[in-house]
Every structure is written in C-alpha cells, then in structure tokens.
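Sequence positions in the sequence shown follow this note's numbering and run 8 to 179. Backbone N, C-alpha and C fix where the C-beta goes; we use that ideal spot for every residue, glycine too.
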Amino acid sequence: MKKADLVAVGRIIRGEGKDGTVKVRFHPWIKEPFFKEIYIEREGECQVYKVERSNQAANSSFLKLDGVNGLEAAEALRGHEVMAKPDDFPRPADGSYYDFELLGCRVETVNGQAVGIVAGVNEAGGLAFLTIDRVGQTLEIPLVEEICRRIEVGKKLIIIDPPEGLLDLNEI
C-alpha cells in the first residue's frame, strides 16, 4: 500500500508495557479508534499491522499490534505516523464527511469561477477553514453552510458563495 493512498490518523507516542502495546495519540477528529488494521511507514514502505486489541484512556489509545512483541519492538515504532485506508472508516451520516475527503476537491463559486484546490482543513477558535491553493496564493475560506453551499465529495467539488471581497481579503 502506498502512503498516498492512506490517511494519517495519529502518531505512536511510545511503547507501553511488556507485551508490545503502543500508546497512540489519534488526531482529534478520531473520536474513538475503530481500526482493525493500521499502517506504519518503516524504511520507506507502509507496513500493515492487525490490531489485536485497543483500549482508550484520557487523550490516548493503547493498541496491541500483531507482530509487535515486547517493549523493545514497541519502542522501535515511537514517533511513527499511524495511517489507515479511507475505506476502513465508517460511512458518515448523509451530508457529513471526513476532513480528509475534502482534500483535493476543486472549489468553484456559484457562478462557475474556479477558485482553487483544497489543500487542507484547519480549525481555529472552534471554526473550521478550508485552506485553498490558488495559483500563486493560499486562501482560507470558512467551512460554513452560508459560504460552502454544496459539497460533493464523490465529484471532488465544493461550490462556494463567498461574500464580496472574501476571495481577496484573506490572501496569505
């Protein structure tokens, strides 16, 4: 499996215990770990690990991975990014989506004007923003219904109705 085909979901913090359990900090949008398998990039290749069991405590999760036996083997994974296949995520409710599904979406205005491509989804002050790559510029567009009128994940398309000046105001 290629890294480009996977979604980053967290990072291994450290080994935990004699059996090879790893402590993982998942990204905030992962409310509860549900993965049956994860991928970890090692030596330039993404290796699959079956999740034997998982436990959650506070802001961290503890995973026992098949083939990772002992504290030394778990510590060897410290700092590695944890990834999953997009197909492994439960389907969100209608009209909902995962942030990673917006990456690469074309953004156009309701009038058909091309704005750019979604390069990231960020959050500040409880509000989500789309980071949009526009030829030679980066724009931040609030991810709110009043502006993002239609999101078609399957077509990789977001239609926006920006207030006057928004596309020029927040060039960074």
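Asked	Found
Extent of the continuous alpha helix (DSSP H) run through L146	Segment 144-149 is the beta strand (DSSP E) holding L146; no alpha helix (DSSP H) there.
For P97, the nearest candidate out of D175, K30, E39, E152 (CA to CA)	E39
Opening and closing residue of the beta strand (DSSP E) in which A81 lies	That residue, A81, is in no beta strand (DSSP E); its alpha helix (DSSP H) goes 78-82.
Pair within 7 Å by beta-carbon distance, E44 and K57	yes
Close Cβ partners of V16 (< 7 Å) along its chain, the five nearest in sequence each way excluded	F33, H34, I37, V89, M90, A91
C-beta contact flag for I148 and R157 at 7 Å	no
Local conformation of G123 per DSSP, three classes	strand
Backbone CA spacing between I154 and E48 [nearest angstrom]	38 Å
Opposing strand residues paired with G133 [DSSP bridges]	Bridge partners of G133: none, in fact.
Pairwise C-alpha distance: R18 and H87	6 Å
Cβ distance (whole Å) where L173 is taken to contact V122 below 8 Å	L173 to V122, Cβ: 10 Å. No contact.
Straight-line Cα distance separating N129 from S67	21 Å
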